[in-house]
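See structure below.
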Ligand code: SAM
Ligand code: SF4
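In our numbering, the protein residues as written are 9 to 440.
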């Protein structure tokens with residue numbers, strides 16, 4: 009299973025793995041060993057689309073070697089492209105969308121019976137509850153709480169390919185959380201394009217803060233994280249819940265996207281830079297050590313040098329702990345792709361470089377705060393850079409690398425920070 013995109017897509021791939029395991033498949037990371045290759049796609053930028061098609065091109069050679077190999081493509085890009093996927097990559101056998109991954113076993117059986125390619129992207133938008141899931145992490149469990157999005161930010165494809173907001177029933181979420189902790193997971197990461205909208209479409213009056221409260225009551229859950237929060241819907245109630253509920257980690261991902269009010273309006277984000285700064289002060293007032301991360305797009309149509317300077321200014325005012333940075337990509341079908349004032353690629357790249365440079369400097373400075381401090385780390389696994397060491401995260405979502413034995417994976421340890429940098433902190437375990 010090859011996954012592109014956000015954590016929601018990673019979760020969908022975990023469900024696909026669960027469904028296929030139920031059919032008797034086992035996972036392999038080698039396409040050459042596989043009987044079925046699943047490509048779970050995303051569509052936030054044209055660049056991803058090109059990457060997907062180039063990966064599909066690479067798969068041709070595996071199909072030549074093993075003519076029985078089945079290739080399936082699903083997810084957001086597949087939802088948007090539909091039959092075009094097979095026009096551009098005729099060796100693909102099955103195409104499904106963002107809503108009907110649960111039908112994959114039927115599609116597969118249908119294909120094997122008729123040996124006829126299938127393109128199935130239409131559906132009623134409902135994803136059944138209780139689907140099997142094979143989680144990739146052994147430590148944190150993704151739990152989607154709301155699917156789709158109603159916001160229609162002018163640059164974004166999500167509402168078109170993932171549909172309108174649908175909150176999962178409270179009981180299904182709680183049941184999935186309980187199942188995960190029974191399997192030994194200590195941390196849950198609640199997912200949604202805008203978790204702050206949770207519950208608006210449910211018959212009862214129950215919002216995201218109420219959901220956090222319920223999950224916080226489950227004894228075996230040790231840490232709760234969530235992503236993403238939309239600034240226009242970040243309520244005082246939620247901010248207070250973050251401060252009050254002991255298991256909710258001190259980290260908030262709050263996408264700013266741009267620092268100029270003119271650009272924010274053209275993006276249809278529904279807040280101003282002043283409102284955003286007000287939210288940041290409120291959050292920092294009640295959760296002082298909170299780590300704040302964000303998403304920024306540069307080179308949005310009509311963005312002048314002054315507008316871009318305002319984005320840089322916001323970075324300096326807020327001093328984020330980290331940022332995902334993107335050059336605006338005009339996605340066909342979105343309003344922003346048709347706006348006047350499209351910015352040349354060279355300027356977007358230049359702005360992106362300046363933005364990244366500034367943010368790395370701020371991240372490095374923010375991380376200095378942790379020097380010499382003692383932190384609680386949930387150990388995730390071997391360090392990505394040096395497999396002889398371990399890595400994990402603090403409650404503030406800082407990656408910490410330290411020397412220790414693999415028996416500590418999945419455990420909480422206390423670490424003293426000895427060195428800081430912009431990617432990770434280094435430390436030593438404190439012996440009790
Ligand atoms: N729901 C989240 C929110 O509202 O912030 C974001 C979801 S989106 C899949 C992830 C990020 O991709 C966005 O926050 C935005 O910064 C970026 N993004 C989305 N569409 C984009 C586009 N057309 N060009 C560049 N970046 C884009
Ligand atoms: Fe896209 Fe905006 Fe919805 Fe986020 S809130 S998924 S950026 S439309």
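Glycine residues also receive a C-beta, built at the ideal position from the N, C-alpha and C atoms. Please read all numbers here as calculations on a predicted model, not as lab measurements.
Buried/exposed call for residue i, threshold 16 Cβ in 10 Å
i           : result
residue 293 : exposed
residue 57  : buried
residue 195 : buried
residue 65  : exposed
residue 21  : buried
residue 394 : exposed
residue 179 : exposed
residue 184 : buried
residue 379 : exposed
Residue j beta carbon less than 8 Å from that of residue i
i           : j           : result
residue 258 : residue 403 : yes
residue 352 : residue 344 : no
residue 412 : residue 433 : no
residue 299 : residue 405 : yes
residue 263 : residue 303 : yes
residue 220 : residue 151 : no
residue 363 : residue 306 : yes
residue 308 : residue 274 : yes
residue 272 : residue 310 : no
residue 407 : residue 424 : no
residue 189 : residue 109 : no
residue 127 : residue 94  : yes
residue 30  : residue 140 : yes
residue 285 : residue 325 : yes
residue 301 : residue 331 : yes
residue 291 : residue 255 : no
residue 142 : residue 25  : yes
residue 27  : residue 136 : no
residue 123 : residue 99  : no
residue 342 : residue 163 : yes
residue 376 : residue 333 : no
residue 295 : residue 250 : yes
residue 182 : residue 222 : yes
Cutoff 8 Å: residue i Cβ touching any chain D Cβ
i           : result
residue 346 : The displayed structure is made up of one protein chain only, and chain D is not part of it.
Are the region 9-21 and the region 81-94 in contact at 8 Å, needing three or more beta carbon pairs?
-> yes
Only counting runs of 3 or more residues, tell me where the beta strand (DSSP E) segments fall wholly within the region 325-360, in order along the chain.
-> 330-335
For the region 171-180 and the region 153-161, state whether three or more C-beta atom pairs, one from each stretch, are separated by less than 8 Å.
-> Touching, per the Cβ criterion.
Would you list the residues whose beta-carbon is nearer than 6 Å to any heavy atom of the ligand SF4, in the order they occur in the chain?
-> 157, 159, 160, 161, 164, 166, 167, 201, 202 and 238
Taking 8 Å as the threshold, find out whether the region 409-419 comes into contact with the region 384-398 through three or more Cβ pairs.
-> yes
State whether the region 16-26 contacts the region 39-52, with contact taken as three or more CB pairs (one from each stretch) at a distance under 8 Å.
-> Between the region 16-26 and the region 39-52 there are three or more C-beta pairs closer than 8 Å, enough to call the two in contact.
Okay, do the region 87-101 and the region 364-371 touch, 3+ Cβ pairs below 8 Å being the bar?
-> no
Any 3 or more C-beta pairs closer than 8 Å across the region 312-325 and the region 262-281 = yes
Three or more C-beta pairs below 8 Å linking the region 70-78 and the region 356-363 = By the Cβ test, the region 70-78 is not in contact with the region 356-363, since fewer than three Cβ pairs between them sit closer than 8 Å.
Evaluate the contact criterion for the region 194-213 versus the region 227-247: three or more CB pairs, one atom per stretch, below 8 Å.
-> Under the Cβ criterion (8 Å, minimum of three pairs), the region 194-213 counts as touching the region 227-247.
Which parts of the region 411-439 are runs of the beta strand (DSSP E), unbroken and 3 residues or longer, counting only runs that do not cross its ends?
-> 420-428 and 433-437
Contact between the region 99-116 and the region 142-153 (3+ Cβ pairs under 8 Å) | no
Within the region 186-234, note down every full beta strand (DSSP E) run reaching 3 residues or more, in order along the chain.
-> 195-199
Ignoring anything shorter than 4 residues or poking outside the region 116-180, list the alpha helix (DSSP H) runs there in chain order.
-> 166-170
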